[in-house]
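FYI, the numbering for the sequence shown is 1 to 39, going by our numbering.
Note that beta-carbon positions come from the ideal geometry of N, C-alpha and C, so glycine has one too.
Bear in mind the structure is a predicted one, so any value in this text is a computation, not a measurement.
Read the structure below first, then the notes.
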Amino acid sequence: MFNNIQVFVKGIVIDENNNHVVMLSDKEETKVLPIVIGP
C-alpha cells in the first residue's frame, strides 16, 4: 500500500521567521523535505 523511503538529515537551517527547519533528503539526494520546527 505505502512505500517507505529512507531519509537522512541533510541540514538544519533557520528561516526568515526564526523557525528551525530540518532538511530531510533521500539517499540519492534527488528530493528534499523541509520540516519546520517552531510555534
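Check: Paired residues, beta bridge with M1 - DSSP; Outcome: In the DSSP output, where bridge partners are listed per residue, M1 has none listed.
Check: Whole-angstrom distance between N17 and L24, CA atom to CA atom; Outcome: 20 angstroms
Check: Close Cβ partners of V32 (< 6 angstroms) along its chain, the five nearest in sequence each way excluded; Outcome: M23, S25
Check: K10, enclosing beta strand (DSSP E) - first and last residue; Outcome: 7-14
Check: Other residues of its chain near I5: CB distance less than 7 angstroms, five sequence neighbours each side excluded; Outcome: D26
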